RNA sequence: CGGAGCGUAGCGCAGCCUGGUAGCGCACCUGCUUCGGGAGCAGGGGGUCGGAGGUUCGAAUCCUCUCGCUCCGACCA
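Residue numbers (our numbering): 21 to 465.
Structure follows, in structure tokens:
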């Protein structure tokens, strides 16, 4: 993309309403625009990141064998009366009537609807196990939205639902989700720690929240420093292998890590003192096992091998996709702007033309831009007629992890500059070498 | 929902107390100069002062109502 033809409305000054770094930077980098309290338009740069996160979530869900579908944002109140949650949910649920006076709601989650879909089409244990998920906009009418997309009223969420015959099968689904989530967050360049949690209005006995450590997080967290060092890395996981999946879960959950809701001071005190950590975390996902809570209430049964009808065992699992954009920035920024991890960056590399209009510099930039695109990369070429300082400031603000700087001074020696946004370190090399380095960097992403 | 604030140009703000032709910085447009870390000079455009009532000769300013937004608290992916 050529910046001169893109839509990137960056702000030089800080918007008054933004209190935390991610909110401020998303507004300044032209990623979002607020349209109402807790409701945002996603401008091109923000939309790109959002789409990228969605893509990673889709890939990892499908790798784990889960099946995508798409349910509507609007739901009928009747479904929610069946589960008893229409009255239980409270004013957080946005309710309204259509022209025929039918009671509707903007879905805050989809347990009822997925159960309705399941019971309409599945009647035998032979069709299990089944895990369906979608990535869809939700609405929760928070009393007090704040922190930009981190706590909006409208938000994009991946929510998935497993259907199994037995408790053991459902617990395997639970474990499978935990592992797939670990991989999802790692690919995004995040350390998200699974912590034993409270089940809240979803209900259920088994639940973990995934928290990204950040001092602007909403939850107080207590953990053993060792848990933050755990990595899934590039190990290959067979998601159908119960033992393997369970072992990984054990590895990640046997080290102490809890939110204030489930914190146990006595257990915490058993951790060697030098490893005890108290901090804050941003919740970016949660998994639940809740058995037959919805299936029993809504009549989602299958015929078991012995001929009896049994309610299916279920769980649900969510990833706050839009909130992750904010969490990523909270975890990756400095005083100049955002620093995107390679896995989620909106553009792979920025090209800064230091002397727009200079024939040799323009030609060199065009060549690099063309070569990168031909190699399958998505570069952002700053071809605006701006001064170097302005171009650098924009690149730093929007946080592309790599920058190729091209100017007459370097070109005289046939060199360009490759700069890391994270370390600030620059290295002079030929344009070909810079392109090769970019290819190398992204080969593992 | 309790408490506290704020709505004046695209953004950040002053003006309001003490009523009298609406200002500043950034951004934007034109020209010249400049050109490796958010340039300088000169000129220019843009605002029914959130909305509705009221008081007054006269309201951004005073009064009433209303809408929106933000912050602290309780609540939450």
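Each residue gets a CB set at the ideal place from its N, CA and C atoms; glycine is no exception. This one's a predicted model, so the numbers in the text were calculated from it and none came from an experiment.
- Around the beta carbon of residue 450, a 10 Å sphere encloses fewer than 16 other beta carbons of the protein chains shown; the residue is thus reported as exposed.
- Per DSSP, the unbroken beta strand (DSSP E) holding residue 244 starts and ends at 239-244.
- Following the DSSP letters along the chain, one finds residue 212 inside the beta strand (DSSP E) bounded by residues 212-216.
- Within the segment 153-196, the runs of beta strand (DSSP E) that reach at least 3 residues and sit entirely inside it are, in chain order, 174-184.
- In this chain, the alpha helix (DSSP H) harbouring residue 133 covers 131-141.
- For a cut-off of 8 Å, the C-beta gap from residue 322 to residue 103 is around 18 Å, too long to register as a contact.
- About 30 Å separates the CB atoms of residue 319 and residue 175; that is not less than 8 Å, and the two are not in contact.
- With a beta-carbon spacing of about 6 Å, residue 184 and residue 148 fall inside the 8 Å limit used to define contacts.
- Looking only at 355, 458 and 255, the smallest Cα-Cα distance to residue 417 is reached by 355.
- Scanning 130, 118 and 298 for the CA closest to the CA of residue 284 turns up 298.
- For residue 70, the uninterrupted alpha helix (DSSP H) run begins and ends at 64-83, by DSSP.
- Proximity to residue 365 across 165, 47, 76 and 57 peaks at 76, based on C-alpha coordinates.
- For residue 274, the secondary structure class from DSSP, reduced to helix, strand or coil, is coil.
- Assigned with DSSP and collapsed to three states, residue 116 falls in strand.
- The residue among 238, 347 and 379 with its C-alpha nearest the C-alpha of residue 44 is 347.
- Residue 260 is not a Cβ neighbour of residue 430, given a cutoff of 9 Å.
- Residue 355 carries a coil assignment under DSSP once its states are collapsed to helix, strand and coil.
- Sixteen is the threshold: since fewer than 16 other Cβ atoms of the shown chains lie within 10 Å of the Cβ of residue 280, the residue is exposed.
- Looking at 369, 327, 373 and 210, the one whose alpha-carbon comes closest to that of residue 302 is 210.
- By the neighbour-count definition (other C-beta atoms within 10 Å, threshold 16), residue 120 is an exposed residue.
- For residue 277 and residue 243, the gap between their C-alpha atoms comes out near 4 Å.
- Between residue 350 and residue 156, the alpha-carbon positions lie close to 23 Å from each other.
- In the structure shown, the three-state DSSP call for residue 209 is coil.
- Leaving aside the five residues that flank residue 250 on each side, the residues in its chain whose CB is nearer than 6 Å to its CB run, in chain order, 272.
- Only exposed fits residue 428, as fewer than 16 other CB atoms lie within 10 angstroms of its CB.
- A direct Cα-to-Cα measurement between residue 370 and residue 437 gives close to 11 Å.
- About 6 Å separates the CB atoms of residue 196 and residue 265; that is less than 8 Å, so the two are in contact.
- Each residue's CA atom was taken as its position, placing residue 296 and residue 245 some 6 Å apart.
- With respect to the C-alpha of residue 99, the residue from 233, 317, 267 and 256 having the closest C-alpha is 317.
- Contact between the segment 328-343 and the segment 162-172 is established, with three or more Cβ pairs separated by less than 8 Å.
- Counting along the chain, the unbroken alpha helix (DSSP H) around residue 101 starts and ends at 97-103.
- Between residue 177 and the set 150, 228 and 91, the nearest pair of CA atoms involves 91.
- For residue 43, the secondary structure class from DSSP, reduced to helix, strand or coil, is helix.
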